[in-house]
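At the far end of the sequence shown sits residue 644, using the numbering used here, and the numbering has no gaps.
Have a look at the structure below, then the notes.
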Amino acid sequence: MANYLADNDDLLFYLERGIDWAPIVTLVEQNFQAPQGYASTEEAVAAYRDMLEMVGNFAADEVAPHAAEIDRKGVKLRDGEAVLPPELDLIFDKMKGLDLHSLSIPRELGGVNCPMLIHFVVTELLARGDVSVMAHYNFHSGIALSLLMYSVHEGTTTFDRATHAIVRTRFAAEIAEILRGDAFGSMDITEPDAGSDMGALKSRGEQDEHGDWFVSGQKIFITSGHGKYHIVIARTEPANKPGALGLDGLSLFLVPAYEDLPDGGRKRFATLDRLEEKLGHEGSATAAITFERSSARLIGARGQGFAQMLMLMNNARLGVGFESIGLCEAAYRLARAYAAERRSMGKTIDRHEMIADYLDEMRTDIQGLRALAMHGAVQEELSQRLKMQAQLDSEPDSIERARLLKQSRRHAHKARKVTPLLKYLAAEKAVEMARRCVQIHGGSGYSKEYGAEKLLRDAMVMPIYEGTSQIQSLMAMKDAMANIMRNPQKFLTRIAQSRWRSLSALDPLERRVARLTAVSLSAQQHLIQRTATDKLRSLGKHKFREWSKEFFQNWEPKKDFAYAMLHAERLTKLMADVAISEILLAQSREHPERRDPLERYLDRAEPRCTFLHDEITTRGDRLLATLREQQGEHRTAARA
5 MANYLADNDD LLFYLERGID WAPIVTLVEQ NFQAPQGYAS TEEAVAAYRD MLEMVGNFAA
65 DEVAPHAAEI DRKGVKLRDG EAVLPPELDL IFDKMKGLDL HSLSIPRELG GVNCPMLIHF
125 VVTELLARGD VSVMAHYNFH SGIALSLLMY SVHEGTTTFD RATHAIVRTR FAAEIAEILR
185 GDAFGSMDIT EPDAGSDMGA LKSRGEQDEH GDWFVSGQKI FITSGHGKYH IVIARTEPAN
245 KPGALGLDGL SLFLVPAYED LPDGGRKRFA TLDRLEEKLG HEGSATAAIT FERSSARLIG
305 ARGQGFAQML MLMNNARLGV GFESIGLCEA AYRLARAYAA ERRSMGKTID RHEMIADYLD
365 EMRTDIQGLR ALAMHGAVQE ELSQRLKMQA QLDSEPDSIE RARLLKQSRR HAHKARKVTP
425 LLKYLAAEKA VEMARRCVQI HGGSGYSKEY GAEKLLRDAM VMPIYEGTSQ IQSLMAMKDA
485 MANIMRNPQK FLTRIAQSRW RSLSALDPLE RRVARLTAVS LSAQQHLIQR TATDKLRSLG
545 KHKFREWSKE FFQNWEPKKD FAYAMLHAER LTKLMADVAI SEILLAQSRE HPERRDPLER
605 YLDRAEPRCT FLHDEITTRG DRLLATLREQ QGEHRTAARA
């Protein structure tokens with residue numbers, strides 16, 4: 005039997021050697037005091053390995069063989085309900101028997117109590133089999149875990165202080181239903197006139213005189229929107245100023261879309277308007293749904309919906325990174341297998357120089373992406389677990405709580421730093437590798453027989469959903485610029501250290517990584533200097549006594565950071581290459597076999613980063629001048 009875990013040496017590296025499991029397992033198992041828990045890190049990791057081998061086998065033998073048929077049949081809307089292909093129903097019936105929906109849920113709620121990191125690896129394995137199956141699966145266990153997380157944050161989950169076991173949780177009934185495989189849900193954000201701009205959302209949450217909440221409005225492009233439990237963001241507070249909706253007035257709700265009746269019928273509280281006819285992901289329902297005073301339950305405090313949704317989206321973006329890696333792995337394996345069999349000009353095409361180079365680059369990029377994904381997932385896991393431990397183990401004003409929260413924030417900062425880089429690069433690489441898989445197949449790749457064109461269709465949405473590539477780039481750029489402005493001296497010290505390491509390090513690979521880091525920091529320095537210079541030029545229209553306030557306080561991001569925004573995507577590519585190289589370098593210090601992927605990655609990244617640096621430091625003035633001119637003409641026309 006095939007197994008998508010056993011055949012992947014790079015993935016096995018992380019399970020066996022590449023991750024320091026001890027701090028994660030200790031936190032997950034409550035310092036090995038948890039009832040019915042594992043007795044040691046070794047025992048837990050062995051169990052995780054067994055679970056993942058089961059999923060690797062399931063993905064290879066039960067998911068991948070049905071992917072083409074699921075894609076051909078798709079999801080249909082009949083009598084107001086979504087009807088899945090029978091092959092997809094069969095897969096999820098088998099998932100019920102394997103308890104796959106409960107992997108990361110605590111034991112006391114009926115779960116297996118695995119780290120979220122294991123869930124992310126499952127995401128990669130299933131995505132390699134078929135991304136539609138993976139997406140549908142994610143909105144089973146993912147929504148259950150989200151409901152638990154929100155209950156903990158709002159204080160409606162109570163724990164036994166001695167054992168840390170959950171005593172009660174607000175959404176216990178919904179979580180249990182999802183774990184049984186009898187229900188799932190969705191995350192409802194996008195609206196007809198509000199995609200990436202969440203400040204423009206118009207769906208309403210209204211409270212009646214009895215204190216009950218109701219949600220009204222339409223949501224579109226909702227993955228698994230045919231599910232029962234919808235986590236919906238809606239507007240509850242008035243705008244701060246006329247004509248501006250903004251983010252401050254948003255709240256989060258749990259809205260059931262229907263109730264199954266004893267006679268087998270269904271009573272709907274929200275209307276499934278349509279299922280989108282998409283380019284790919286044909287087995288994943290993408291719905292438009294309308295709520296008309298649908299009964300809702302407020303999650304957390306009113307007005308805090310945007311912050312709460314970000315918690316959900318950060319994990320979702322890590323998940324898309326792992327999903328994209330799964331698709332990249334599928335594209336690479338399919339291309340490699342075809343190239344090893346297809347003969348041309350006296351030899352198989354994998355021995356032709358250009359094709360060999362393509363395959364080598366795909367393999368190298370996948371290893372780099374997985375290093376970045378694992379690093380981000382570990383940091384996010386530790387951040388969340390330490391925050392939970394601080395709440396359970398110590399008094400509110402204790403030194404111990406402060407220490408744990410400080411550790412949590414440090415890990416959260418590391419996770420935040422790499423999450424947009426991962427989401428951006430993994431999604432873009434999924435498209436690139438699927439496209440290359442088609443090309444290696446030649447004319448056969450353009451036909452539906454081999455499955456290469458399906459991978460390309462499926463990949464095209466990766467740079468779009470859960471925050472577009474452009475949104476990820478703007479986030480990464482904004483964070484980089486903000487960090488420099490908060491502590492310029494620390495930034496200058498980093499530049500000096502990277503330059504010194506590039507000359508003095510004994511390890512030649514460390515010198516190469518340091519040079520790459522210096523290139524990235526130089527590009528960031530150029531952007532911040534250019535931003536400051538442009539701001540200084542603008543002070544001429546203000547009185548001298550206003551200069552200090554204008555420079556240090558009155559920043560307008562859309563205007564003052566125009567040059568940095570223009571180059572945000574280039575900077576993101578550059579920073580992602582550096583982050584991957586630094587992670588691989590750290591691995592190589594403990595595991596000499598990791599020098600090979602590091603060296604291969606540097607061979608690709610060095611010329612790429614030099615080119616990106618040159619673009620950032622030499623291009624953009626002409627286009628920005630044109631945009632300023634157009635903006636001036638627009639203002640003149642508006643006044644007229």
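Where a beta carbon is used, it is the ideal one built from N, C-alpha and C, also for glycine.
Simplified DSSP state of residue i, which is helix, strand or coil
i: Gly-636; result: helix
i: Tyr-469; result: coil
i: Met-5; result: coil
i: Val-171; result: strand
i: Phe-565; result: coil
i: Val-259; result: strand
i: Ser-299; result: strand
i: Gly-277; result: Inspection of the sequence shows that residue 277 is occupied by Asp rather than by Gly. Of the three classes helix, strand and coil, the one that applies to Asp-277 here is strand, per DSSP.
i: Asp-11; result: coil
i: Met-191; result: strand
i: Lys-282; result: coil
i: Ala-419; result: helix
i: Ser-220; result: strand
i: Ala-642; result: helix
i: Val-116; result: coil
i: Glu-210; result: strand
i: Glu-85; result: strand
i: Ser-228; result: coil
i: Ile-109; result: coil
i: Ala-43; result: coil
i: Thr-290; result: strand
i: Ala-198; result: strand
Candidates the options, of which the one nearest residue i by Cα
i: Met-313; options: Arg-405, Leu-459, Phe-36 and Glu-470; result: Glu-470
i: His-571; options: Asp-625, Leu-104, Val-125 and Ala-609; result: Asp-625
i: Asp-93; options: Val-67, Arg-82, Arg-111 and Thr-537; result: Val-67
i: Lys-271; options: Arg-278, Ser-299, Ser-255 and Gly-250; result: Ser-299
i: Arg-389; options: Met-579, Leu-9 and His-157; result: His-157
i: Thr-30; options: Ser-473, Gly-101, Asp-75 and His-168; result: His-168
i: Val-259; options: Ile-303, Ala-6 and Gly-325; result: Ile-303
i: Leu-322; options: Arg-297, Met-466 and Ala-63; result: Met-466
i: Leu-627; options: Tyr-567, Arg-604 and Glu-597; result: Tyr-567
i: Gly-22; options: Ala-590, Ala-434 and Ser-220; result: Ala-590
i: Thr-127; options: Ser-448, Phe-326 and Thr-622; result: Phe-326
Beta-carbon gap between residue i and residue j smaller than 8 Å
i: Thr-576; j: Ala-480; result: yes
i: Phe-273; j: Ala-261; result: yes
i: Tyr-233; j: Ile-170; result: no
i: Leu-531; j: Met-485; result: yes
i: Leu-276; j: His-230; result: yes
i: Ala-43; j: Phe-36; result: yes
i: Arg-301; j: Trp-217; result: yes
i: Ile-109; j: Leu-149; result: yes
i: Val-3; j: Asn-117; result: This structure leaves residue 3 out entirely; the chain is present only between 5 and 644.
i: Leu-331; j: Val-135; result: yes
i: Phe-257; j: Gly-209; result: yes
i: Leu-513; j: Leu-578; result: no
i: Leu-254; j: Gly-309; result: yes
i: Gln-34; j: Arg-111; result: no
Limits of the unbroken beta strand (DSSP E) element including residue i
i: Ile-237; result: 233-239
i: Lys-271; result: 270-272
i: Leu-81; result: 80-82
N- and C-terminal bounds of the alpha helix (DSSP H) containing residue i
i: Asp-369; result: 357-397
i: Val-125; result: 120-133
i: Arg-340; result: 309-345
i: Lys-77; result: 71-77
i: Met-579; result: 572-594
i: Ile-182; result: 176-183
Cβ-heavy atom distance, residue i to the ligand FAD, below 7 Å
i: Thr-521; result: Annotation note on the ligand FAD: not contained in the displayed structure, which lists no ligands.
Meets three-Cβ-pair contact criterion under 8 Å: the region 389-408 and the region 423-433: no
Three CB pairs or more closer than 8 Å across the region 211-228 and the region 291-311: yes
Three-pair Cβ contact test at 8 Å for the region 363-376 versus the region 580-600: yes
Three or more C-beta pairs below 8 Å linking the region 327-336 and the region 437-447: yes
Cβ contact (3+ pairs, closer than 8 Å) linking the region 162-180 and the region 350-368: no
Cβ contact (3+ pairs, closer than 8 Å) linking the region 453-472 and the region 504-517: no
Inter-stretch contact at 8 Å, needing at least 3 Cβ pairs: the region 132-148 / the region 186-200: yes
Sufficient close CB pairs (3 or more, under 8 Å) joining the region 121-131 to the region 195-208: no
The region 379-386 / the region 409-423 touching (three or more Cβ pairs under 8 Å): yes
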